[in-house]
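Right, one structure below, let's go through it.
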Amino acid sequence: MRALWLVLVLLVVASPLAAQDDAGVVPDVIAASEDEIEDGIVDTAAPRSQPSGELAVPRPVYVGIYLNDVPELDLDTNRYLVDFYLWFRWQGDDIDPSTTFEFMNAVESWDQLHAAVYTNDDGEMTSEDLGDGWRYQVFHVQGKFGHPFDVRAYPFDTQEIVIALEDTDAVVEDMTYVVDDGTFTLPPTLAIPGWDLGEVHAQVIEQDYPTNFGDTRRAIGEDRYSRFRYSLRVARPVVGYAATTILPIAIVMLITMVMFLIHPRYFEGKLGLGITSLISAVALQLTTAGDLPSTGYLVLLDHVYNLSYLVIFLSLLASVWSVRVHDSGDEPRAAKIDRWMLIASLVLFFGGTGLLVVFGR
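In this note's numbering, the protein residues as written are 776 to 1136.
Here you go:
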């Protein structure tokens, strides 16, 4: 009898201890309250792989661009057609920056190719699992983008092909872009006719807006978003453009200065040569202006042409002065005027053009 009572006592003591051990087992799926499941806060589907360790705040998202081709570069419309690959790499399943980004300088978005590389069996975009909680997505993009071109230094200007994107959902306190190392490379076959390729630049800036976009719950300028800016610098070939823009007006000016080698008695020839040179310079400027977008400022080549107009005008005045001195009977002085004005015109135009090219670029 005593043995029976001892067994019963042991069973009573052991039962709560076993229940306590079972309660201490942590399931693979994080437990959630019934209210959270009903509100849709918790995903009741199969659990996803979680990153090891604690996630950083703000969450870094690595972004990169690999430029394939620039089929079109139009200065008149400040637009360019580009073909490139864009990728995102981030940690955690609670965000997906590949679905919340927006191109900030895209034009004609309706005609833009925007194809995800990683998709599921149904063709829907699905990020790739890299392991340890890292996700990855790549897009093949082809479309037109815009950026204001500054042509003040034309024909020796340097331009930028810019691609800018921004997350439309997360502010910088929650997520920030990070430039990936693979961004700074270019394909060896990439070429843009009429342009020399320069360096690739990429940076991440915090973009704020002086508005709350009509949301009265937000203060003006309160939200700041992470913006990724990619740019490829391109420059015009110096020798080629100098030969097609500077050389023609230089030849016209050399012809203009021949008037100082004509004897003062042939005033009609001097005058005709100067006027012909002026008309030629105006025609050349109108021709080159057709290659430029409409701007409200003068470009470097405009300053060169303005200098040529000044030299032609001064040459005509000097020729009139020389003729009047010659007609007064002082031929040696008239010859001296022509000689010194020839030197002065050469120095003024070619020296001034050199200074404009050096300091105007």
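Don't be surprised by glycine CBs; every beta carbon is placed ideally from N, CA and C.
- Beta-bridge analysis with DSSP links Q912 to F863.
- Taking a C-beta distance under 8 Å as the contact criterion, S1083 and A1119 do not qualify as a contact pair.
- At a Cβ-Cβ threshold of 8 Å, W862 and V836 do not count as neighbours.
- For H1038, the closest C-alpha among the options I1024, L1092 and A1109 is that of A1109.
- According to the DSSP assignment, D1077 belongs to the alpha helix (DSSP H) that extends over L1075 to D1102.
- Following the DSSP letters along the chain, one finds P835 inside the beta strand (DSSP E) bounded by residues R834 to D849.
- In the three-state reduction of the DSSP assignment, Y1016 falls in the helix class, which pools H, G and I.
- Within the same chain, and ignoring the five residues on either side of G867 in sequence, the residues whose Cβ sits closer than 7 Å to its Cβ are P826, L830, R834 and G908.
- Proximity to G969 across D897, V947 and V1014 peaks at V1014, based on C-alpha coordinates.
- Going by DSSP, A977 is part of the beta strand (DSSP E) stretching over D971 to D983.
- Sequence-distant partners of A939 (beyond 5 residues in either direction) whose C-beta falls short of 8 Å from its own C-beta, in its chain, are F878, M879, N880, R1002, F1003, R1004 and Y1005.
- When the alpha-carbon of Y855 is set against those of L1007, P1107 and D932, the nearest one is in L1007.
- A residue is called buried once 16 or more other Cβ atoms fall within 10 Å of its Cβ, and T951 is buried on that count.
- Rounded to the nearest whole angstrom, the CA to CA distance from V892 to A1025 is 54 Å.
- Beta-carbon to beta-carbon, R999 and V946 are separated by about 6 Å, close enough to satisfy the 8 Å threshold.
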